[in-house]
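Q: In this note's numbering, the protein residues as written are 239 to 439.
1) Starting from residue 335, follow the alpha helix (DSSP H) in both directions and report where the run begins and ends.
2) With DSSP run on the structure shown, which of helix, strand or coil describes residue 281?
3) Given this structure, state the Cα-to-Cα distance separating residue 346 from residue 404, to the nearest angstrom.
4) Go ahead and label residue 421 buried or exposed: buried means 16 or more other beta carbons lie within 10 angstroms of its beta carbon, across all protein chains shown.
5) To the nearest angstrom, report how far apart residue 314 and residue 396 are at their CA atoms.
6) Run the CB neighbour count on residue 302, radius 10 Å, all protein chains shown included, and call it buried at 16 or more, exposed below.
7) What does the Cβ neighbour count give for residue 414, buried or exposed, with the cut at 16 atoms within 10 Å?
8) So within the stretch 359-416, which uninterrupted alpha helix (DSSP H) runs reach at least 4 residues, ignoring any that extend past its ends?
9) Taking the beta carbon of residue 344 as the centre, do at least 16 other beta carbons fall within 10 Å, making it buried, or is it exposed?
10) What is the DSSP secondary structure of residue 327, counted as helix, strand or coil?
11) Less than 8 Å between the beta carbons of residue 351 and residue 300, yes or no?
12) Can you tell which of 328, 322 and 294 has the C-alpha that lies nearest to the C-alpha of residue 342?
13) Residues in its own chain within less than 7 Å of residue 245 by CB, not counting five upstream and five downstream?
14) According to DSSP, simplified to helix, strand and coil, what is residue 251?
Take a look at the structure:
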C-alpha cells in the first residue's frame with residue numbers, strides 16, 4: 239500500500255519542523271560548551287608551557303652573573319621539573335585531584351620564579367644585561383597571558399556548568415549527555431593567592 243503524496247508531504251514537513259525545533263532549542267549547547275572548556279584549558283596549558291620553555295634560558299643568564307645563588311637556581315629548576323612531570327591530558331578536567339595537583343605545581347613554580355627575580359636586585363650587571371631584560375619582558379608577558387587564559391577557562395567552565403544545571407540544558411543533560419559531568423573550575427592553590435606577588439626587577 240503506497241502513501242498518498244499529501245501524507246508524505248505532511249510527514250516531511252513535520253520532520254523539518256522537528257529538526258528546526260531541536261536545533262534551536264539548545265540540544266547542541268552542552269557539547270559545544272564542553273569543547274570550549276577543553277579549548278580554554280588547552281590555552282592555559284599552552285601558556286604554562288611557554289613559561290616553562292623560557293625558564294632554562296633565564297636560569298642560565300642568571301647563573302652567568304650570580305653563580306653563588308645556586309640554592310635559588312636549583313629551586314627554580316626543581317619546581318619546573320615538578321610542574322612539567324605531571325602528565326596533562328583531557329582526563330585532567332574530569333579529575334579534580336589531578337587538576338589541583340597541577341595547579342599546585344604551577345604555583346610552586348611561580349613562587350620559585352619570584353625568588354629568582356628578587357635575586358636580580360643584588361646584581362646590577364645582571365639587571366642591565368640585554369638577555370636578562372629580554373627574558374624578563376617575555377616572562378612578564380607570559381604571566382599576563384596565563385592570567386588571561388585562566389580567566390577564559392573559568393568563564394568557559396561557568397558557561398558549561400550553568401548550561402547543564404539550568405532549563406532547558408538540564409533536560410538535555412539528563413536525556414542525552416548524562417555522561418558529561420560538571421567541570422571543576424580553576425582554584426588558586428598557593429598561600430595568599432589573593433595577594434598579587436611583588437616581582438621587582
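Note that beta-carbon positions come from the ideal geometry of N, C-alpha and C, so glycine has one too.
A: Once the coordinates are examined:
1) According to the DSSP assignment, residue 335 belongs to the alpha helix (DSSP H) that extends over 334-357.
2) helix
3) 37 Å
4) buried
5) 33 Å
6) exposed
7) exposed
8) DSSP runs (the alpha helix (DSSP H)) wholly in the stretch 359-416: 362-365, 368-403 and 407-414.
9) Residue 344 is buried by the Cβ-count criterion.
10) coil
11) No, these two residues do not count as a Cβ contact at 8 Å.
12) 322
13) none
14) helix
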